[in-house]
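Q:
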Amino acid sequence: MMMPALPFHVDREVTIRATPEIVFRFFTDSEYWARWWGPGSVIDPRPGGRVLIRYPGGVEATGEVVELSAPEIIVFTYGYTSGPIAPGASRVTIRVDPIKDGTRVSLTHEVADVAVRDEHVQGWRYQMAVFSVAVANLVNAGADAAVDAWFQAWSDPDTSASERTLTEVAAPTVTFRDQFSNLTGISDLLPHLAASRKFMPGISLKRIGDVRHCQGTALADWVAVATDGAERSRGTNVFVFGPTGKIESVTGVWARHPGAAG
Numbered sequence: 162m163m164m165p166a167l168p169f170h171v172d173r174e175v176t177i178r179a180t181p182e183i184v185f186r187f188f189t190d191s192e193y194w195a196r197w198w199g200p201g202s203v204i205d206p207r208p209g210g211r212v213l214i215r216y217p218g219g220v221e222a223t224g225e226v227v228e229l230s231a232p233e234i235i236v237f238t239y240g241y242t243s244g245p246i247a248p249g250a251s252r253v254t255i256r257v258d259p260i261k262d263g264t265r266v267s268l269t270h271e272v273a274d275v276a277v278r279d280e281h282v283q284g285w286r287y288q289m290a291v292f293s294v295a296v297a298n299l300v301n302a303g304a305d306a307a308v309d310a311w312f313q314a315w316s317d318p319d320t321s322a323s324e325r326t327l328t329e330v331a332a333p334t335v336t337f338r339d340q341f342s343n344l345t346g347i348s349d350l351l352p353h354l355a356a357s358r359k360f361m362p363g364i365s366l367k368r369i370g371d372v373r374h375c376q377g378t379a380l381a382d383w384v385a386v387a388t389d390g391a392e393r394s395r396g397t398n399v400f401v402f403g404p405t406g407k408i409e410s411v412t413g414v415w416a417r418h419p420g421a422a423g
């Protein structure tokens, strides 16, 4: 039996730098569903399938799938085993739409009581942020390797090898900006790398410390080292990853000794 329309609702919309197919995986696979909600959460991705959410602290929400059309929409009922919404007494609709920068995820939670609605506004604001992080962590699981490959491309004396490396980890239209660069595209970047190697022979770039990543943006510190091991410069790069996990832009912020390396 279809649930009647409910008078109050919470609406939340977020943009995630991921493809709709990757985003929707979190609604059709219990492993990814649990990455969003927490250990022990499960979903049976079919109309009538069970939905279980286990929040930290032991609070549980249950429901069942009402509608599912991948990778576009999922609708499920939502209620607590003990709480302000009885099992089956509210409805959550999540729509997934492709956009230029990835995916727009739109959530509507319909409830019967205005006070209950108000209680859930901040909750959904938080949960959709957590969801965005979970998806981004999946898309950018290779961020460390991509960052290291980027630095290797700057250091490799073989231009063909640098091109292969950049093609693997960066979008064709990748942009690079720092005090000495304003470049768009791998084809624009390669001659710049060649010029850097010509005028600063033997300089190599190396990552220092961990890559700090959140929702498609990563920070990586680097050091430029001469063949004798002496440090020539250092700084931080800001990497922005696209919906498929490839680097779309890099901005270099120098810490000291500008002019020694790229």
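Just so it is clear: in the sequence shown, position 233 is 394 by our numbering, and no numbers are missing. Think of the CB as a built atom: it goes at the ideal place given N, C-alpha and C, for glycine as much as any other residue.
(1) Any idea what DSSP makes of D258, helix, strand or coil?
(2) Rounded to the nearest angstrom, how far is the Cβ of R178 from that of P404, given a contact under 8 Å?
(3) Whose C-beta lies closer than 7 Å to the C-beta of G363 among residues of the same chain, with five residues either side of it excluded?
(4) Among G413, E233, T242, S243, which has the Cα closest to the Cα of I260?
(5) What do you get for E174, buried or exposed, if any count of 16 or more other CB atoms within 10 angstroms of its CB means buried?
(6) I think I426 touches V291, with their Cβ atoms under 8 Å apart; what is that distance to the nearest whole Å?
(7) Is H281 near the ligand FMN - that is, is its Cβ less than 7 Å away from at least one heavy atom of it?
(8) On the criterion of 16 or more Cβ atoms from any shown chain inside 10 Å, does E271 qualify as buried, or is it exposed?
(9) Buried or exposed: which applies to A381, given that a residue is buried once 16 or more other Cβ atoms fall within 10 Å of its Cβ?
(10) Could you tell me the boundaries of the alpha helix (DSSP H) in which T105 lies?
(11) Whether or not the region 286-301 and the region 337-344 are in contact is what I'm after, with contact meaning three or more pairs of Cβ atoms, one per stretch, closer than 8 Å; do they touch?
(12) Using the three-state DSSP reduction, which class does K367 fall into: helix, strand or coil?
(13) Can you tell me where the beta strand (DSSP E) with S239 in it begins and where it stops?
(14) Using DSSP with H/G/I as helix, E/B as strand and the rest coil, what is V384?
(15) Taking P208 and V184 to be in contact with their CB atoms under 8 Å, please state how far apart those CB atoms are, rounded to whole angstroms.
(16) What's the call for S321, buried or exposed, on a 16-neighbour Cβ count within 10 Å?
(17) Between which two residues does the alpha helix (DSSP H) containing F312 stretch?
(18) Just to confirm before moving on: does the CB-CB distance between V411 and V399 stay below 8 Å?
(19) Cα separation between G303 and G406?
(20) Hey, how far is the Cα of L268 from the Cα of R358?
(21) Measuring CA to CA, which of I347, F188, R196, T326 is closest to A306?
(22) Out of T176, D172, V401, F237, which one is the CA nearest neighbour of A332?
(23) Under a Cβ-count criterion, where at least 16 other Cβ atoms within 10 Å of its own Cβ denotes burial, should G249 be classed as buried or exposed?
(24) Which whole-angstrom value describes the C-beta separation of P181 and V257, a residue pair presumed to lie in contact below a C-beta threshold of 8 Å?
(25) What number of angstroms, rounded off, separates the C-alpha of S191 from the C-alpha of L229?
A: With the structure as the only source:
(1) In the structure shown, D258 sits in a strand (DSSP, three-state: E or B).
(2) With a Cβ gap of about 5 Å, R178 and P404 count as contacting.
(3) For G363, where only same-chain residues beyond five positions count, the Cβ hits under 7 Å are A387, T388.
(4) Checking every option, the nearest Cα to that of I260 belongs to E233.
(5) Looking at its Cβ environment, which holds fewer than 16 other Cβ atoms inside 10 Å, E174 is exposed.
(6) Here the chain has residues from 162 to 423 only, and residue 426 is not among them.
(7) The ligand FMN is absent from the structure shown, which contains no ligand whatsoever.
(8) With 16 or more other Cβ atoms within 10 Å, it is buried.
(9) A381 comes out buried.
(10) Outside the modelled stretch of the chain, which goes from 162 to 423, sits residue 105, for which no answer is possible.
(11) Contact fails: fewer than three Cβ-Cβ distances are below 8 Å.
(12) Taken through DSSP and simplified to helix, strand or coil, K367 comes out as strand.
(13) According to the sequence provided, residue 239 is Tyr. The question's Ser does not apply to it. For Y239, the uninterrupted beta strand (DSSP E) segment begins and ends at 234-241.
(14) In the structure shown, V384 adopts extended strand secondary structure according to DSSP, grouped into three states.
(15) With a Cβ gap of about 20 Å, P208 and V184 do not count as contacting.
(16) Counting of Cβ neighbours within 10 angstroms places S321 among the exposed residues, the total staying below 16.
(17) Start and end: 304-316.
(18) Taking 8 Å as the Cβ cut-off, V411 and V399 qualify as a contacting pair.
(19) Taking the straight line from one Cα to the other gives about 8 Å.
(20) Distance between the alpha carbons of L268 and R358 is about 50 Å.
(21) Nearest option by C-alpha distance: T326.
(22) For the residues T176, D172, V401, F237, the minimum Cα distance to A332 belongs to V401.
(23) Taking a 10 Å sphere around the C-beta of G249, we find fewer than 16 other C-beta atoms and assign the residue as exposed.
(24) With a contact defined as Cβ atoms closer than 8 Å, P181 and V257 qualify at about 5 Å.
(25) Going by the C-alpha atoms only, they are around 15 Å apart.
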